[in-house]
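Novice: Take this structure first; my questions come after.
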Amino acid sequence: MNDFTFSVPQNIMVGRGSLAKLPEAARQLGGSHAFIISGPHLTKMGLVGKVSDSLKAAGFAVDAFTETEGNPSTDTVEKAAAAYKAAGADFIVAFGGGSPMDVAKAVGVVAKYGGRIEEYEGAHKVPGKIVPLIAIPTTAGTGSEVTAFSVITDHRRDYKLTVFSYELLPACAILDAELLTSAPASVAAACGIDAFIHAEEAYVSRAASPFSDAMAEKAMELLGGNIRRFVACREDIEAAENMLVGSLFAGIAFSFARLGNVHAMSHPISAYFDVPHGVANAVLLPVIAEYNALADHGRYFKIFNYISPFKVDAGEFEPGLLPGAIRELCGEIGIPNGIVEAVNNASRNGPVSREAIEEKVEAMAADAMKSGNIAVNPRASRQSDIEMLYRRAL
Numbered sequence: 475m476n477d478f479t480f481s482v483p484q485n486i487m488v489g490r491g492s493l494a495k496l497p498e499a500a501r502q503l504g505g506s507h508a509f510i511i512s513g514p515h516l517t518k519m520g521l522v523g524k525v526s527d528s529l530k531a532a533g534f535a536v537d538a539f540t541e542t543e544g545n546p547s548t549d550t551v552e553k554a555a556a557a558y559k560a561a562g563a564d565f566i567v568a569f570g571g572g573s574p575m576d577v578a579k580a581v582g583v584v585a586k587y588g589g590r591i592e593e594y595e596g597a598h599k600v601p602g603k604i605v606p607l608i609a610i611p612t613t614a615g616t617g618s619e620v621t622a623f624s625v626i627t628d629h630r631r632d633y634k635l636t637v638f639s640y641e642l643l644p645a646c647a648i649l650d651a652e653l654l655t656s657a658p659a660s661v662a663a664a665c666g667i668d669a670f671i672h673a674e675e676a677y678v679s680r681a682a683s684p685f686s687d688a689m690a691e692k693a694m695e696l697l698g699g700n701i702r703r704f705v706a707c708r709e710d711i712e713a714a715e716n717m718l719v720g721s722l723f724a725g726i727a728f729s730f731a732r733l734g735n736v737h738a739m740s741h742p743i744s745a746y747f748d749v750p751h752g753v754a755n756a757v758l759l760p761v762i763a764e765y766n767a768l769a770d771h772g773r774y775f776k777i778f779n780y781i782s783p784f785k786v787d788a789g790e791f792e793p794g795l796l797p798g799a800i801r802e803l804c805g806e807i808g809i810p811n812g813i814v815e816a817v818n819n820a821s822r823n824g825p826v827s828r829e830a831i832e833e834k835v836e837a838m839a840a841d842a843m844k845s846g847n848i849a850v851n852p853r854a855s856r857q858s859d860i861e862m863l864y865r866r867a868l
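Under the working numbering, the first residue of the sequence shown is numbered 475, with each subsequent residue one higher.
Here it is, written out as structure tokens:
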């Protein structure tokens, strides 16, 4: 057993309608001027206005930055930080999916300590507590409301940088499943499978512990048992709630056990081709599950039974069954069939050939090897292995 320590120091509120508790949470932070960080879609839906109005009615001053994009960039962080400082706010409300939360964490760093977010890349470079932050997820996917990571795209390098520090943890998280009901099926699928992969990679990680295993197993139970229902009908509030809590537990699991080759390899795909993070993960998962099967020590059996509608006994199972179950699930919820399809679905500049993607494989593999997640993947990997996996996933 690995040595392990854990601490979950946040105030986490879970429940239908719990968005109404936002003013109470803000008062506990001791702030008076909120700065909401969100995206244009939630603004158009009127949800950002709803959050703003609830705070104003409780006596808080409110400003907002609503320009976060799907794979947020260093330039977006710089703009949002400048807007935060100009507003004179004293706490942040991150409202949305993983992208607004990543931006909010990064703004919390640079607004407090100065410089650009690139200067804090890596582990434990944030010198102390960041601007107080409340996180309100509107997707069941990233678990960013309980993770110590901010992932930001640096277009100057075509690279997704990661800032890791427990100082990034939001002071409070509010999980209201009613906020998930308007998500499109494609978003529900991509975010849901991303959450499942967080739990799955944490579970098979070489850095796993009994604590992270407990979080990962419950996460996979909730996510695997509800993702089909949730994609089929976002108004199924029970499924939405289970997905949201599953995503929360998965986020806690990987905060302590880290991830693996899937996430190490998905970040370059998003950086080079702007593929949504969850989709990039999902197209890689079955290929990497096949690769990692050689290292399985009984965990694939549990994972299989969490996602397959056809349960098997231990005597009937062999690790090679899991990749097929993953492909079946991904197909049912509308995940693209490989990197080429995912890239072309995301492309805003016309078709992208297989050959054009293959030209980037060596560079993407080199970037993937910089991730600390490679080191805890259950099967050891060299750059040549990563290149081979990219080509298998095309």
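All C-beta atoms in this analysis are idealised placements derived from N, C-alpha and C, irrespective of residue type, glycine included.
The model shown is predicted, which means the values in this text are computed figures rather than measured ones.
Helix, strand or coil for His741? Go by DSSP, reduced to three states.
Specialist: Sequence index remark: in the sequence shown, residue 741 carries index 267 (1-based). His741: helix per DSSP, three-state reduction.
Novice: Counting pairs of beta carbons, one from the segment 682 to 697 and one from the segment 705 to 725, are three or more of them closer than 8 Å?
Specialist: Segments in contact, yes.
Novice: Within a Cβ cutoff of 7 Å, which residues of the same chain sit near Ala662, ignoring the five residues on either side of it in sequence?
Specialist: As a first step, residue 662 must be located in the sequence shown, where it is residue number 188. Contacts found: Phe704, Val705 and Arg708.
Novice: Entirely within the segment 753 to 829 and at least 4 residues each: give me those alpha helix (DSSP H) ranges in chain order.
Specialist: As far as the segment 753 to 829 is concerned, its whole alpha helix (DSSP H) runs of at least 4 residues are 773 to 781, 795 to 806 and 813 to 820.
Novice: For Met487, which of helix, strand or coil comes out of DSSP?
Specialist: Taking the first residue of the sequence shown as position 1, residue 487 is located at position 13. Strand, per DSSP.
Novice: For His515, which of helix, strand or coil comes out of DSSP?
Specialist: For the purposes of this step, residue 515 is identified with residue 41 of the sequence shown, where counting begins at 1. The answer is helix: DSSP assigns His515 an H, G or I state.
Novice: Would you mind stating whether Ala842 and Ile848 have Cβ atoms separated by less than 8 Å?
Specialist: Taking the first residue of the sequence shown as position 1, residue 842 is located at position 368. Taking the first residue of the sequence shown as position 1, residue 848 is located at position 374. Yes, the pair counts as a contact, with Cβ atoms nearer than the cut-off.
Novice: Quick one: is Tyr640 buried, meaning 16 or more other Cβ sit within 10 Å of its Cβ, or exposed?
Specialist: Here residue 640 is taken as the residue at index 166 of the sequence shown, counted from 1. Tyr640 should be labelled exposed.
Novice: Sorted by chain position, which residues of the same chain lie with C-beta nearer than 7 Å to Pro546's C-beta, five sequence neighbours on each side aside?
Specialist: One-based indexing of the sequence shown puts residue 546 at position 72. Once the five neighbours on either side are set aside, the close Cβ partners of Pro546 are Ser573, Asp576, Val577, Ile626 and Thr627.
Novice: Assign Ile503 to one of three DSSP states: helix, strand, or coil.
Specialist: In the sequence shown, residue 503 corresponds to position 29, counting from 1. Before going on, a small fix: residue 503 reads as Leu here, not Ile. Of the three classes helix, strand and coil, the one that applies to Leu503 here is helix, per DSSP.
Novice: Which value, in whole angstroms, describes the spacing of the CA atoms of Ala676 and Ala788?
Specialist: Taking the sequence shown and counting its residues from 1, one reaches residue 676 at position 202. Taking the sequence shown and counting its residues from 1, one reaches residue 788 at position 314. Each residue's alpha carbon lies about 22 Å from the other.
Novice: Going by DSSP in three states, Leu607 sits in which element: helix, strand or coil?
Specialist: On the sequence shown, residue 607 is found 133 positions in, with the first residue counted as 1. In the structure shown, Leu607 sits in a strand (DSSP, three-state: E or B).
Novice: Just tell me which of Gly772, Phe778, Gly812 and Asn766 has its CA closest to the CA of Ser740.
Specialist: Translated into positions along the sequence shown, residue 740 becomes position 266. Among Gly772, Phe778, Gly812 and Asn766, the Cα nearest to that of Ser740 is on Gly812.
Novice: Would the segment 643 to 654 and the segment 488 to 498 be scored as touching if the rule is three or more Cβ pairs under 8 Å?
Specialist: Segments in contact, yes.
Novice: Compute the Euclidean distance between the alpha carbons of Thr612 and Val817, then round it to the nearest angstrom.
Specialist: The residue labelled residue 612 in the question sits at position 138 within the sequence shown. The residue labelled residue 817 in the question sits at position 343 within the sequence shown. For Thr612 and Val817, the distance between alpha carbons rounds to 25 Å.
Novice: Taking the C-alpha atoms as reference points, what is the distance between Asn851 and Glu833?
Specialist: To locate residue 851, count along the sequence shown from 1; it is residue 377. To locate residue 833, count along the sequence shown from 1; it is residue 359. If I take the Cα positions, the gap works out to 25 Å.
Novice: Thinking just about the alpha-carbon of each residue, which of Pro497, Thr548 and Thr542 is nearest to the one in Lys524?
Specialist: Stepping through the sequence shown from its first residue, residue 524 is reached at position 50. Comparing Cα-Cα distances from Lys524 to each of Pro497, Thr548 and Thr542, the minimum goes to Pro497.
Novice: Are the C-beta atoms of Ile762 and some chain D residue less than 8 Å apart?
Specialist: Of the protein chains in the structure, only one exists, and it is not chain D.
Novice: Pull the bridge partners of Ile510 from the DSSP assignment, please.
Specialist: On the sequence shown, residue 510 is found 36 positions in, with the first residue counted as 1. In the DSSP output, where bridge partners are listed per residue, Ile510 has Ala538 and Val567.
Novice: What do you get for Pro760, buried or exposed, if any count of 16 or more other CB atoms within 10 angstroms of its CB means buried?
Specialist: Counting from one through the sequence shown, the residue named residue 760 turns up at place 286. So Pro760 counts as buried.
Novice: CB Ile591 to CB Val637, shorter than 8 Å?
Specialist: As a working mapping, residue 591 is identified with position 117 in the sequence shown. As a working mapping, residue 637 is identified with position 163 in the sequence shown. The answer is yes: Cβ separation under 8 Å.
Novice: Return helix, strand or coil for Leu722, following the three-state DSSP convention.
Specialist: For the purposes of this step, residue 722 is taken as residue 248 along the sequence shown, with counting starting at 1. In this structure, Leu722 counts as helix in the three-state DSSP scheme.
Novice: Once the 5 residues before and after Tyr633 are set aside, which same chain residues still bring their CB inside 7 Å of it?
Specialist: Indexing the sequence shown from 1 puts residue 633 at position 159. So the qualifying residues of the chain are Ala745 and Asp841.
Novice: Just curious, the alpha helix (DSSP H) that Val749 is in, first and last residue?
Specialist: Here residue 749 refers to the residue found at position 275 of the sequence shown. Where Val749 is concerned, there is no enclosing alpha helix (DSSP H), given that its DSSP letter is neither H nor E.
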